[in-house]
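To keep things clear, I will list the structure first and then write my remarks on it.
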Amino acid sequence: MRPLVLQADLDAAERMYEEGLLNDPVPLVTPLLGTVLPDPGPDGTLDQRLQRALTAALRTDGWTLNVQNERGVLHFRGETDVSGMVDLHRLHAALWPMDRHLLPGLLFALEVGSSRVTPIVGPHGASFICQQHFSTEALAEYTLPERFERPDLVLTERDAVRAARRFGIPHGQQVQDALPWPYFRDLLSLEDTLARLEQVLPRVPALGPLLTLLPELRAADDAFLQPTDDEWSDLFHDPIPHTLLTVTGREDDLSLDTVNEFLQNHWECGNVSPQWCVQVDRNGEGHDRLAAYLQHAPRIAALSAKCVGVLDLANRSLPAPKRKR
-16 MRPLVLQADL DAAERMYEEG LLNDPVPLVT PLLGTVLPDP GPDGTLDQRL
34 QRALTAALRT DGWTLNVQNE RGVLHFRGET DVSGMVDLHR LHAALWPMDR
84 HLLPGLLFAL EVGSSRVTPI VGPHGASFIC QQHFSTEALA EYTLPERFER
134 PDLVLTERDA VRAARRFGIP HGQQVQDALP WPYFRDLLSL EDTLARLEQV
184 LPRVPALGPL LTLLPELRAA DDAFLQPTDD EWSDLFHDPI PHTLLTVTGR
234 EDDLSLDTVN EFLQNHWECG NVSPQWCVQV DRNGEGHDRL AAYLQHAPRI
284 AALSAKCVGV LDLANRSLPA PKRKR
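Our numbering numbers the first residue of the sequence shown as -16 and each following residue consecutively.
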């Protein structure tokens, strides 16, 4: 007896065939080699050739570039490598009497310029992470009613934060509460920051390289091409810090504790955290954005690291602030 072939089986086989054609990497990768990427030569598998081309095209100090073929679209995702913390409490103490807005302006400019590749997170960025990690809405609707065993409790977000402060409950404003307000409000533009920096350089000359490094960092960040809506939705919009900059000089630094808790929760949940994504299809869409990314991402990482080095060196060159009695 001749077995029956069901239409559903035929449809499934056709879908598998079409899926195989769609996921074929050859028409995706081959047009990149020798154009957007260096020509790696003919030896090896296609994956090996792509890896050689990427290795030749860029250095990824401080970040990692991953490539995946997802339904006929190559996703190039850049993820930062978490490095550590740099304490700037001496620099904070030295600059505060001269210009209390200067160091917040410098750190904010560094945060903005580095955010797409190797995010450098200062107090402002740590506060943003804190607000994302400790949802004020959840605090008002769930945490406090459960804490006080009052399921009918209705609180505004402002009242919820006040209650959290009073009873020592973690909340989204705790980083701002622990640090001076100029790190979070009335932040200077880059131009105003540099103008003020010039005025204090005679007293803190070690900061001089930032006059050129920060404008170069902004120019490199501006050279990125805008992502598409699909690429934008592929990003992780909370900054994963490459380096955390603190200004307290204390071991019990609330910004450090908050960021560490955020990172621990992020990793335990198995989340991916690309800071930048480029999607390339077989029609050449994304080639220009990938070329810009490969050109400018390493420069942003290098300039960001240099800026952190300048701040760290300037901090180390200053005497320890006198302890208040």
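C-beta: ideal position from N, C-alpha, C; glycine also.
Please classify residue i as buried or exposed, where buried requires at least 16 neighbouring CB atoms within 10 angstroms.
| i | result |
| --- | --- |
| T47 | exposed |
| P359 | The structure shown does not extend to residue 359, since the chain spans only -16 to 308, so no value can be given for it. |
| T18 | exposed |
| S110 | buried |
| K305 | exposed |
| A36 | buried |
| E214 | buried |
| A178 | exposed |
| D271 | exposed |
| R168 | exposed |
| N266 | exposed |
| L296 | exposed |
In the DSSP assignment, the alpha helix (DSSP H) including residue i goes from what residue to what residue?
| i | result |
| --- | --- |
| V291 | 270 to 299 |
| W250 | 237 to 251 |
| G88 | 85 to 97 |
| P198 | 193 to 205 |
| H75 | 72 to 78 |
| T38 | 29 to 40 |
Identify which residue in the options has its Cα closest to the Cα of residue i.
| i | options | result |
| --- | --- | --- |
| A303 | T28, L74, V19 | L74 |
| I309 | T13, L227, G55 | Here the chain has residues from -16 to 308 only, and residue 309 is not among them. |
| P163 | R83, L239, F111 | R83 |
| I283 | W259, L246, G269 | W259 |
| N254 | P222, D271, L273, A274 | P222 |
| S300 | S216, E129, L71 | L71 |
| Q262 | D217, S66, I152 | D217 |
| A40 | T101, C290, Q278 | Q278 |
| P10 | N298, E268, A297 | E268 |
Which one or two residues does DSSP pair with residue i in a beta bridge?
| i | result |
| --- | --- |
| L371 | For the chain, the structure presents residues -16 to 308; residue 371 sits outside this window and is missing. |
| E120 | Looking at the DSSP assignment, E120 forms no beta bridge with any residue, so it has no partner. |
| I103 | T226 |
| G67 | T226 |
| W46 | T63 |
| L16 | L20 |
| Q262 | H58 |
| Q51 | H58 |
| P370 | Any question about residue 370 goes unanswered here, given that the chain covers just -16 to 308. |
Name the two residues that bound the continuous beta strand (DSSP E) containing residue i.
| i | result |
| --- | --- |
| L184 | Unbroken run through L184: none, as it is neither H nor E. |
| R168 | Run containing R168: none; DSSP gives neither H nor E here. |
| F59 | 56 to 63 |
Would the stretch 31 to 49 count as touching the stretch 199 to 206 if we require 3 or more Cβ pairs under 8 Å?
no
With a cut-off of 8 Å, do at least 3 Cβ pairs link the stretch 120 to 130 to the stretch 244 to 253?
No, the stretch 120 to 130 is not in contact with the stretch 244 to 253.
Please determine if the stretch 50 to 57 and the stretch 127 to 147 are in contact, where contact requires at least 3 C-beta pairs separated by less than 8 Å.
no
Per the contact definition of three or more C-beta pairs closer than 8 Å, is the stretch 83 to 103 in contact with the stretch 283 to 294?
yes
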